[in-house]
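Same order as they appear, the protein sequences are chains A and B.
Just remember that our numbering sits 6 ahead of the position in the first sequence, which is counted from 1.
Just remember that our numbering sits 19 ahead of the position in the second sequence, which is counted from 1.
For every residue, glycine included, the Cβ atom is placed at its ideal position computed from N, Cα and C.
Below is one structure, written out as structure tokens; comments come after it.
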Amino acid sequence: MVAPLIPMGVIPESWNNVFAVILGFGFGFALESAGFSSSRKIIGTFFGYDFVVLKVFFTAAITAMIGLLYLSYIGWLDYSLLYIHPTFLASAIIGGIVMGIGFSMGGYCPGTSFCGMAIGKIDAMIFMVGMVIGVFIFSEAFPLFEKLYNSGNLGGKLVSDSLGVSKSLFAFLLTVVAIGMFYGATWVEKKVRKVEY
Amino acid sequence: MEKNKKSGTFYLNPYLSGFIFGMVLLITFVITGRGMGASGAVKSTVVEAVNTVAPGHAEKSVYYSKFISDDAHPMNTWLVFEVIGILAGAFFSGLIFNRLKFKVEHSPKITSRRRLIFALLGGALFGIGSQLAKGCTSGAALSGMAVLSLGGFITMMAIFGTAFIFAWIFKKNWI
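Written out as structure tokens, the structure is:
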């Protein structure tokens with residue numbers, strides 16, 4: 007077992023930020039080349055005229071998910087060393103709802119707004135100004151949010167464990183669901199009138 | 020395709036982009052053991068700014084002080100370097116596909132001014148929500164899903180489910 011490479015000491019810690027820039031470059035290129043620098047293209051998912059967000063997002067999640075399970079299966083990767091995003095039930099739901107409202111108003115999420123900014127979208131730059139203000143408001147008003155922020159802590163809980171299935175069965179089922187969604191999305195796209203943007 | 024390229028409307032196949040994106044995320048986990056993110060870089064910037072302007076205030080605050088320590092400068096975090104890469108990668112893609120242009124993108128039914136006000140409000144809500152959920156669409160939803168985090172799936176469903184409903188409420192802004 008050699009991976010993850012930096013936590014296992016295969017690659018020295020000092021290289022961490024170099025990889026951050028290189029990997030970020032890939033991230034930005036993948037998003038912009040798919041059209042995530044356009045808020046009207048992104049929002050198309052919710053009106054059915056362009057499902058690029060659904061397609062790119064789920065393809066990426068499944069690719070990484072299966073890749074990690076496979077590398078762990080052949081013994082190259084120690085899954086227990088991966089950072090599992092911790093589950094805080096209440097704040098995951100309420101935070102998600104707040105972000106969802108922000109998404110439908112602003113048309114971007116933080117990652118895509120960086121892409122929009124990079125190619126000159128002024129609305130993306132203003133969205134980022136809003137982000138900074140929002141983070142500042144949250145930080146200053148933290149005592150108000152503190153109870154919600156810390157409640158329902160389940161730690162690094164896996165979705166497969168909550169559903170009582172193995173990791174690989176879950177990944178398989180999600181892949182089947184995603185392929186079904188891709189077919190459904192393409193069918194809807196053909197039915198819905200195109201929007202010029 | 021050549022014509023599309025010139026007009027700046029050429030996009031890669033979404034499954035190809037998604038695969039590239041997924042491989043980048045996979046390599047990130049293999050190298051660093053962690054996923055990618057975006058809102059974390061904004062948080063680091065805000066923490067750093069407040070800590071510079073009002074260090075006493077930052078130290079006393081419960082939230083800022085979580086992210087300040089002597090050996091790890093908040094600006095010096097992985098996500099900030101990653102965002103520099105994101106900006107460069109997106110710029111490069113915009114350059115080769117001919118999309119570099121200053122503009123405010125909005126529905127013909129609304130003014131630029133209205134678009135920018137909504138962008139500001141939307142950004143502010145995303146800023147608040149991402150701190151609550153401890154990550155945004157990248158850090159919580161996508162990176163969380165890649166490692167089968169329950170919270171990642173919950174946040175993903177909450178973001179997209181809510182946005183689906185509210186997009187129709189703000190329909191005029193988009194189509």
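Residues in its own chain within less than 7 Å of residue i by CB, not counting five upstream and five downstream?
i        : result
B/Val149 : Correcting the residue type first, residue 149 of chain B is Ser in the shown sequence and not Val. Closer than 7 Å at Cβ, skipping near neighbours: Ser58 and Cys155.
A/Ala40  : Val58 and Val62
A/Phe133 : Gly112, Tyr114 and Ser119
B/Met20  : For B/Met20, the predicted model reports a pLDDT of 49, less than 50, meaning its position is unreliable and no value from the coordinates is stated.
A/Cys121 : Gly34, Leu37, Glu38, Phe42 and Ser43
Once DSSP output is grouped into helix, strand and coil, what is the label at residue i?
i        : result
B/Ala77  : helix
A/Asn23  : helix
B/Met20  : Legend: pLDDT at B/Met20 = 49, less than 50; position of this residue unreliable, no value from coordinates given.
B/Thr96  : coil
A/Val194 : helix
A/Phe94  : strand
B/Asn32  : coil
A/Leu29  : helix
B/Ala57  : coil
A/Leu88  : coil
A/Asn159 : strand
B/Ala109 : helix
A/Arg199 : coil
A/Gly112 : helix
A/Ser172 : coil
B/Val66  : helix
A/Ala40  : helix
Please name the residue or residues paired with residue i in a DSSP beta bridge.
i        : result
B/Ser168 : A/Leu164
B/Phe137 : Looking at the DSSP assignment, B/Phe137 forms no beta bridge with any residue, so it has no partner.
B/Lys122 : A/Lys127
A/Ala9   : A/Leu83
Could you tell me the distance, in whole angstroms, from the CA atom of residue i to the CA atom of residue j?
i        : j        : result
A/Lys153 : A/Ile100 : 13 Å
A/Pro13  : B/Thr51  : 7 Å
B/Pro127 : B/Asn192 : 9 Å
A/Gly186 : A/Thr69  : 16 Å
A/Val16  : B/Trp97  : 18 Å
A/Gly50  : A/Asp56  : 5 Å
B/Arg134 : A/Tyr189 : 32 Å
B/Ile178 : B/Ile147 : 13 Å
B/Ala143 : A/Gly81  : 43 Å
A/Leu160 : B/Lys122 : 44 Å
A/Glu202 : A/Gly73  : 37 Å
B/Thr71  : A/Ile143 : 17 Å
B/Ala152 : B/Met175 : 10 Å
A/Lys196 : A/Gly102 : 30 Å
Looking only at its own chain, which residues have a Cβ that is under 8 Å from the Cβ of residue i, when we skip the five neighbours before and after it?
i        : result
A/Glu19  : Ile12
A/Val198 : Phe53, Gly54 and Tyr55
A/Ala96  : Leu154, Ser157 and Gly158
A/Leu164 : Ile90 and Lys173
A/Phe109 : Cys115
A/Met123 : Ala130, Met131 and Met134
B/Ala60  : Thr96, Leu98, Val99, Glu101 and Val102
A/Val24  : none
Residue i and residue j look like a contact to me (Cβ under 8 Å); what is the Cβ gap, rounded to whole Å?
i        : j        : result
B/Gly37  : A/Ala66  : 5 Å
B/Gly171 : B/Ala159 : 6 Å
B/Val49  : A/Pro10  : 6 Å
B/Leu139 : A/Val135 : 6 Å
A/Pro116 : B/Ser157 : 7 Å
A/Ser43  : B/Ala77  : Actually they do not touch by this definition, with Cβ atoms about 34 Å apart.
B/Val66  : B/Ile87  : 7 Å
B/Met164 : A/Met71  : 7 Å
B/Gly27  : B/Arg118 : 4 Å
B/Ser80  : A/Phe148 : 7 Å
For chain E, check one thing: does any of its Cβ atoms lie closer than 8 Å to the Cβ of residue i?
i       : result
A/Pro10 : Given the protein chain composition of this structure (A and B), no chain E is represented.
Looking at the ligand ATP, does it come within less than 7 Å of residue i, judged from the CB to the closest heavy atom?
i       : result
B/His76 : Of ligands this structure carries none, so the ligand ATP is not represented either.
Once you ignore the five residues that flank residue i on each side, which residues in its own chain have a CB closer than 6 Å to its CB?
i        : result
A/Ile107 : none
B/Thr64  : none
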